Amino acid sequence: MVYKKFTFRSASFFNSGTFIIKLIKCTYMILTQINYIKGGIIIPSTNNKSRSKKENSKNKMKKIKIAPIGFLKLALLASVAMILLIGGAGFGMVVGALQTVPEFNPDQLQATVPSVIKDAEGNEITRLDREHQREEISIDRVPDHVVNAFIAIEDARFYEHFGFDTRGISRAAINNIKQTGNPFQGSQGGSTITQQLVKNTFLSPKRLLERKIHEAWLSLHVERIYTKNEIMEFYLNYATYFNHNAYGIQAASNFYFDKDVSELTVEEGALLAGIIRHPSRLSPHENPDLAKDRQQTVLHAMKEYDFLSEYEYEEAINRELEEMLADIPEREYPYPHFVDYVLNNEAKPILRNLIETSDDLPENVQNADDLLYHQGLTIHTTLDRELQAHNESIFDDPSNFPASYEDEHGVIQPQGAVVVSDPTTGEVRSIVGGRNYGYNNMLNRVTSSRSPGSALKPINIYAPALEEGIITPGTIIDDAPALWGNWGPENFTNTFRGLTTIRDSLVNSLNVPAVKIYNDKLNRDLGMDYAEKFGITTITDTDRTYQSAALGGLDRGVRPFELTEAYGTLANDGIKVEHHTITKIEDRHGNTIYDKEPNYDVVVSEETAWIINNMLQDVIDYGTARMLNLDFPAAAKTGTSQDVRDAWLVGYTPDLVTTLWLGDDHNTSAVQNRSYYLGNIIERVMNYAVDENPSDFHQPAGISGPIAISTKSGKLASDITPNEYISYEYFPEGEVPTKECNAFIEVEVCTAPHPENANEEVLLASEDCPSELVETQVFLDRSKPEVTDSRWSHGAGRSTSDASLMPPKEVCEYHEDDNGNGFFDWLDRDDDEDEDEDEDEEKEEDQDDDEDDNEIEKEDNDDEGDKEDNDDNEVEEDDEENNNDNE
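The letter at position 138 of the sequence shown is residue 144 when you use the working numbering, and the numbering goes up by one with no holes.
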């Protein structure tokens with residue numbers, strides 16, 4: 007409907023001496039426009055507020071005639087009110103705003119076009135109408151108790167006002183003051199349902215004052231030409247949003263309860279009516295407690311306005327949410343974690359900003375969701391479709407994860423997340439935010455914060471300390487027991503290596519050296535400042551005070567997406583490129599309304615980045631990521647949180663960064679056999695993603711090396727530096743060591759066996775030690791390391807492994823006896839004693855032999871005597887027998 011427009015000129019209007027008269031005339035014209043004269047003022051009959059909208063719709067509107075004098079008084083009062091309220095200048099603004107009021111055209115409500123999301127090659131991924139299908143319904147299908155729920159909480163005088171409600175505004179302010187002490191905060195709103203309809207469907211949220219004027223004017227206009235039932239139907243279909251892309255009462259009924267709107271119960275209608283105030287915060291799926299509280303507020307309001315009896319109220323308020331809610335339907339679009347990130351983390355924030363700043367959008371665009379689902383946008387993304395499908399197949403295979411189980415919500419554990427990006431452009435090629443995506447498992451874990459463990463060390467310790475000139479790769483740190491207060495950090499192996507280089511400390515992920523650098527050499531605030539420069543947004547003030555932050559112990563952890571950007575900065579020569587998934591957005595006519603501008607920040611120098619990358623290449627060669635078997639040069643860093651509840655592995659080349667996290671959603675269980683599963687997944691992702699001709703890390707001109715240094719002093723290797731303690735190191739120009747190693751010394755020792763000093767392999771040679779037993783050996787000349795006690799969590803009595811390289815303390819005393827005999831005399835004396843003992847033993851053996859001979863002779867004589875006796879007896883017996891025979 008086309009309406010008359012005003013043509014006041016504000017300058018002449020206010021310069022006139024007849025301002026009040028013209029103001030009255032202006033008010034007269036306004037009242038005429040909304041049909042307050044030419045037949046009288048239209049007002050509804052004063053029905054009982056508890057009547058349903060169907061009953062009210064049957065009541066005919068009454069026309070009350072007002073005499074000219076009454077109108078004049080009304081105009082004067084309105085004029086004075088406007089003068090007092092907004093002043094003359096303000097009224098001029100009102101007049102100006104009224105000249106730009108848009109037309110309320112219901113046909114525009116149906117003119118929606120679905121948006122399209124495309125991959126990096128320009129191929130369509132999905133159309134958003136699959137997720138968002140608004141179904142129009144007639145007001146006759148909506149139960150009275152559902153309509154009454156919206157009226158009770160949003161606009162109790164809906165059937166009595168004519169578009170806006172001064173009494174309602176006052177009542178809402180008073181109730182809000184009672185609840186919160188603030189008239190603008192609380193459960194009561196001042197806008198009528200008609201105003202919400204106008205605001206949510208036809209007005210831009212920009213230019214607040216002008217929009218409010220338009221809102222009031224159009225509300226009067228809508229009330230003049232539509233019935234209350236028609237307004238309510240428009241409102242429930244087009245002006246209500248219930249989160250989860252549910253627009254309109256029917257879509258909400260389908261989503262939350264899996265039923266037609268005509269089947270909604272009292273408590274279900276109250277739940278929906280409560281959601282629209284803050285759709286995301288009051289969603290029963292995301293914040294069930296808040297949603298339940300809001301539902302109870304709606305039910306209480308329904309009882310207060312006589313829409314419910316006491317019995318109905320008690321029955322409705324006692325029903326649990328779990329009994330009402332349907333399962334969240336699975337999403338239909340492919341690559342759900344990537345698309346979810348595009349929509350929730352980039353598209354909506356971008357569109358919100360455009361609504362606030364751009365003049366090229368349709369005037370009636372309400373919010374980001376309106377643009378996203380109604381305006382036919384084309385969203386171009388960075389998705390590598392083949393890589394995404396490959397990575398999802400890895401996550402779908404249970405054999406790629408530790409032994410799995412389902413938690414109390416039916417979500418498989420342990421979970422994981424992987425992000426793959428191009429560090430040179432910041433384009434994110436693939437996102438997998440978990441295993442078994444479904445209605446009960448939509449969490450995108452690439453944006454979830456978890457403890458990074460040692461994966462943070464290059465970001466908040468080593469790169470900052472290198473950049474600030476505090477350390478070089480050859481700087482020596484003593485990996486020895488140390489205390490900060492009563493906290494004694496431990497290495498993962500529960501051992502201490504002693505003097506070690508920065509390179510070996512990082513490659514082997516040693517905790518004690520990291521804590522020493524972070525707390526004693528590098529200002530902790532400075533370390534966290536660098537972490538933020540690298541793209542970590544979760545740093546808190548308390549993180550800056552924790553000594554354990556050196557080991558990744560952060561209050562809010564780190565997001566895998568942000569850690570990918572941080573390591574991408576190292577891969578890209580110290581230049582951070584903001585990581586993103588959207589490259590361009592076009593409107594329905596093909597006009598570009600958003601074009602991603604590259605955002606570059608130099609975080610560290612090219613030299614610092616290269617040194618870190620070079621050291622992290624050794625992590626794959628002989629460090630904590632040596633389980634990786636990649637087909638190209640790469641760098642990597644591992645990380646584990648306390649009790650191995652989080653396991654990380656970041657692998658990267660100059661062209662590709664891959665971040666993998668494994669863990670339990672509830673942060674309660676350790677990741678079993680983490681090295682195998684981390685390595686297996688990263689290998690399969692990176693070997694697939696890297697091009698046939700991968701780039702290598704090229705040494706910049708500002709780096710010197712390789713240079714042979716001592717790994718125990720950090721200085722140039724000397725003639726006596728043992729080969730096993732020589733490494734070839736790189737240094738920034740100007741940081742190359744110039745002095746020779748002084749960590750090793752030559753000491754003369756006695757090599758003779760010393761059984762009474764079993765703890766010492768050798769003893770210091772004395773003046774009396776024979777020259778042939780004295781050798782010159784090389785030892786480590788270091789200070790005595792600390793020994794752990796009960797304050798260390800893994801036991802007392804432990805020291806550094808390099809303590810065994812220190813020279814002996816005891817001097818040989820075995821080469822001089824009490825009589826002043828030398829070592830050989832002592833040996834000769836021992837030999838003489840041995841000879842005497844041998845002679846005595848021989849004499850004893852001879853005596854024994856003589857005794858044995860005598861015994862043998864005696865035995866022989868006895869045997870002969872016995873034989874003779876026997877013979878005599880035999881002879882005698884024979885004689886007797888012969889005698890007998892003869893008889």
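For every residue, glycine included, the Cβ atom is placed at its ideal position computed from N, Cα and C.
What you are looking at is a predicted structure, and each value in this text was computed from that prediction instead of being measured.
- Here S144 is exposed, its C-beta having fewer than 16 other C-beta atoms within 10 Å.
- In this chain, D428 is not harboured by any alpha helix (DSSP H); it is covered by the beta strand (DSSP E) spanning Q421 to D428.
- In the structure shown, K527 falls within a helical segment according to DSSP collapsed to helix, strand and coil.
- For Y600, the three-state secondary structure derived from DSSP is strand.
- In this structure, the CA atom of H250 is about 38 Å from the CA atom of A577.
- Y600 counts as buried, since no fewer than 16 other beta carbons sit within 10 angstroms of its beta carbon.
- A contact between stretches requires three or more CB pairs, one per stretch, nearer than 8 Å, and the segment 543–551 fails this requirement with the segment 424–432.
- Per DSSP, S681 lies in no beta strand (DSSP E) segment; the continuous alpha helix (DSSP H) that holds it begins and ends at R680 to A695.
- G533 sits away from A461, with the two beta carbons spaced by 8 Å or more.
- For T200, the CB contacts under 7 Å within the same chain, skipping 5 residues up- and downstream, are G169, S225, V228, E229 and I237 in chain order.
- Taking C-alpha positions only, V426 is separated from V691 by approximately 9 Å.
- In terms of Cα proximity to E273, the closest of D161, A155, F344 and P813 is A155.
- Here H386 is near T589, since their CB atoms are less than 8 Å apart.
- One Cα belongs to D333, the other to F261, and the distance between them is close to 8 Å.
- Closest option to E741, judged by alpha-carbon separation, among T717, R550, C756 and I713: I713.
- Within its own chain, the residues whose Cβ lies closer than 6 Å to the Cβ of S515, once the five positions on either side in sequence are excluded, are S460 and T630, listed in chain order.
- Around the C-beta of D299, fewer than 16 other C-beta atoms lie within 10 Å, and the residue is accordingly described as exposed.
- Residue state for I282 is assigned as coil, using DSSP reduced to three classes.
- If you draw a straight line from the Cα of A707 to the Cα of I618, it is about 16 Å long.
- Annotation: I523 to P495 spans about 13 Å, alpha carbon to alpha carbon.
- For V513 against Y694, the beta-carbon gap comes to about 26 Å, at or over 8 Å, which does not count as contact.
- The way I'd put it, the segment 629–644 does touch the segment 653–671; three or more beta-carbon pairs between them come closer than 8 Å.
- Pairing H595 with Y244, the inter-Cα distance amounts to about 24 Å.
- When the beta-carbon positions are compared, D671 and D403 stay at least 8 Å from each other.
- Leaving aside the five residues that flank H586 on each side, the residues in its chain whose CB is nearer than 8 Å to its CB run, in chain order, E352, T388, G432, E433, V434 and K602.
- In this structure, the beta-carbon distance from S457 to L393 does not fall below 8 Å.
- Comparing alpha carbon positions, the residue from L314, Q553, R173 and M330 closest to E269 is M330.
- Boundaries of the beta strand (DSSP E) around F785: V780 to L786.
- At the C-beta level, H704 and S772 stay beyond 8 Å of one another.
- When DSSP states are grouped into helix, strand and coil, K582 belongs to the strand group.
- Inclusion of Y445 and E338 in the CB contact set at 8 Å is not warranted, their separation being larger than that value.
- DSSP places A653 within a strand segment (E or B) once states are collapsed to three.
- Between I581 and the set I131, L769, Q783 and E612, the nearest pair of CA atoms involves E612.
- Within the model, the alpha-carbon separation for R147 versus L242 is close to 11 Å.
- Of all C-beta pairs linking the segment 339–346 to the segment 550–569, fewer than three are shorter than 8 Å, placing the two stretches out of contact.
- Under DSSP, L505 forms a beta bridge with D484.
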